[in-house]
Every structure is written in structure tokens, then in C-alpha cells.
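As C-alpha cells, the structure follows; a few thoughts come after it.
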Amino acid sequence: MPDAEMIAVACSEGINIYCPRAGRFSFFNSPYFPHRNYAGVDIYPNLKFGESAPSPVSGEVVTIREVNYFEDRGFEHSKVDYLIILRSLENEERFIKILHVKPTVNVGDKVLVGEKLGSLIRSGFFDFWTDPHMHVEVRKPNDPIRARGGCRVKRLLSVSEACGNALNQGRMEGVVLESRREYSLIDLSCDLKYGIPVNVGERVGLIDGGIPHYGFFGVHINSTPKLGEEVKLLGETIGSIKSIFNGMCLAEAHNVKFGLNGRLIRLSLYLFPSKPIVKVIPEKPGEISLEKNTWVKLSVRRNV
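One point on numbering: in the working numbering, the residue at position 291 of the sequence shown is 280, and numbering is uninterrupted.
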């Protein structure tokens, strides 16, 4: 039986992909190919490295493989990653590819949503700030493994434009929930749902991505913006729309900087089945030290 309540947050080819209600998920917060092409989603179950990963899908395990060998990345990590391929129980004509979990299942096992799949690893694919998560793709059976070739994935959560006015004040403020050498988590004072709102023309969407470090980000929106349309956060232009797919947009990041109490930071932003939080990343581990429960202010400005 599942240990946590699982919410369907994405779908592809008739297959639902689930996230724990207490977790978060992202289509764009990664530098890798599927996240630039609407072909993958990362599920963050809000667990620690080494803890049991709840399966985001229902399927029968058809392949398990060790992949890649990672040299030193400057932080402690697994020397290998693991590839788990399942045949979907919802659509037997499609496979599901999962990375970053050391499997406790075996080939031939059937796994249901929320059941234990394996242990979450700190992969060499990760950066120093990356949290435990599962990378999920839907694939054709004749091409289940490559980095390219995944089926496009749609978002299931509806984006509400009612949350958009909360950030039109020039800055974000909130309380430090957690602080460690790699990053800090900020609980914003405004009442938000699912994610952090941005303006796209006269419309409002939710931002999803790592900025400015990845050079691109996503916007989830219920309407269809125009290609080239500007994306604004706190009234400042941070990017422009480059492609659109089914309520999601890929945007090119402009030359912007983000500050936390006047210190230069990077932002890591996601979608949440519950209340969203903001992850702030220093340029180097340990460069910014924050005390838990202190009040902080985030700002954005264009480089000139």
C-alpha cells in the first residue's frame, strides 16, 4: 500500500504520472534535453537521499540497468545511476523510463503508484543543490533508453490566474524554512497556490525552472501567448517565449540577476500540489548563511 497520498500531476500517451501531495514536480528545472522539449518530468517526493521512492506510475519492470560512471563532481554522489524501464499498466504499448532510483524491485515485478520502487540516490547527473527526485519519461518500446525520443508530457494541474496579483509589489518576502550550505528554502508571505506567478503580457502563469543558471525556464499558463512575448517577474522582464505546447511555454532567460537581502543568488522554482516555496541557491556552497525563521526579501533586476 502507498505510504503517501499521490496526486496525478502529468500525463502522456494515456499514462498518468503522480507526485506525493507533500512533494513537488518540474518539467523545466533541469539542463537536460527532455526538459527543453516537453518530454520529461521530475518528481520530488520530499524525502532524503537513501529513503524509499514511491513509484510515480503503475507498471511491470522490464529492464534494470546501471548507466554512466561519474568522476568527482565536487560533492558526495553515487558513482553510477540506475535506469528502470516499466511497461505501463495503463497503456501496454508504452514504456516508462525512470532515473535516479537504486531499484529494490526486480524484472517481472508489477509496481502500483505509490509502492516502493527503490532508494533515492544522489546522482552524478545532479548539481550540488539538487534534491532527491525521480526523472520520468514515457517512451515507445523500440526506443526506451536514449536521452532523446521521449513522448511529450502534459501538465494535469489547472493553473489559476487568481494568484497573480500577489507579487506585483517589486519584491518577494518571506520566512526562512530551512537553510543549509547548498541552498535555503523560503516560505513567501503572500497566499499562493501551486507555484510562483509571472506575467506574460496581460496574462498570468506559473514559472518553473532554474534561473538564471540554466538559461531557460518554463511557464505554465491556461491561455496561449505569442512567440517572443515577454515574461515578467515582480514587474521586471526576465525572459521571452520561444515555444509553446499544451498550456506550457519554454522561455529564453534574459540577462537578469536575483538578490536575497542584497546578496546575489539563483532561483530554483517548481510546481507544488500544495503551498509553493522558493529555493534560493548560492553561487558556491556555504556562500550564504541564513538563520531559520528569519525574514528575508528577494528582488530581481535586469543587468545593464
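All residues carry an ideal CB built from backbone N, CA and C; glycine is no exception.
>> Tell me whether the segment 162 to 180 and the segment 215 to 235 touch, counting them as touching only if at least three CB pairs, one residue from each stretch, are closer than 8 Å.
In response: no
> Ordered along the chain, which non-local residues of its own chain (more than five positions away) have a Cβ less than 6 Å from that of alanine 151?
Replying inline: Here the model assigns alanine 151 a pLDDT of 47, short of 50, so the residue's position is not dependable, and the following value carries that caveat. If we look at alanine 151 and ignore the five residues flanking it on each side, it has no Cβ neighbours.
> So what's alanine 151 in DSSP terms, helix, strand or just coil?
Replying inline: Because the pLDDT of alanine 151 is 47, which lies under 50, any placement of that residue in the model is unreliable, and the question is left without a value.
> Which stretch, first to last residue, makes up the beta strand (DSSP E) that contains valine 46?
Replying inline: Taken as a continuous stretch (DSSP letters only), valine 46 belongs to no beta strand (DSSP E), as it is neither H nor E.
> Can you give the Cα-Cα distance for cysteine 8 and valine 50, rounded to whole angstroms?
Replying inline: 19 Å
>> Please return the same chain residues whose Cβ sits closer than 8 Å to the Cβ of valine 90, not counting the five positions on each side in sequence.
In response: Ala42, Tyr71, Ile73, Leu106, Gly107, Ser108, Leu109, Ile110, Met123
> Which whole-angstrom value is the C-beta distance of valine 30 and valine 142, which I expect to be below 8 Å?
Replying inline: 5 Å
> For the beta strand (DSSP E) that valine 30 lies in, which residues bound it at each end?
Replying inline: 30 to 33
> Is it the case that the Cβ atoms of valine 148 and asparagine 188 are separated by a distance below 7 Å?
Replying inline: no
> What is the DSSP secondary structure of histidine 24, counted as helix, strand or coil?
Replying inline: helix
> Is the Cβ of tyrosine 172 closer than 7 Å to any Cβ of chain D?
Replying inline: Looking at the structure shown, chain D is missing, and only one protein chain is on hand.
> Taking all protein chains shown into account, do 16 or more other C-beta atoms lie within 10 angstroms of the C-beta of threonine 119, making it buried, or fewer, making it exposed?
Replying inline: buried
>> Rounded to whole angstroms, what is the Cα-Cα separation between tyrosine 21 and tyrosine 27?
In response: 11 Å
> With 16 other CB atoms within 10 Å as the buried threshold, where does valine -2 fall?
Replying inline: buried
> Can you name, in chain order, every residue of its own chain whose Cβ lies under 7 Å from the Cβ of glycine 198, other than the five neighbours on each side?
Replying inline: Phe17, Asn18, Phe205, Phe206, Gly207, Leu258
> If you drop the 5 nearest sequence neighbours on each side, which residues of the same chain put their C-beta closer than 7 Å to that of histidine 202?
Replying inline: Arg255
>> On the DSSP bridge list, what partners appear for leucine 118?
In response: Checking the displayed sequence, the identity of residue 118 turns out to be tryptophan instead of leucine. DSSP output for tryptophan 118 lists no bridge partner at all.
> Can you give the Cα-Cα distance for glutamate 104 and threonine 213, rounded to whole angstroms?
Replying inline: 37 Å
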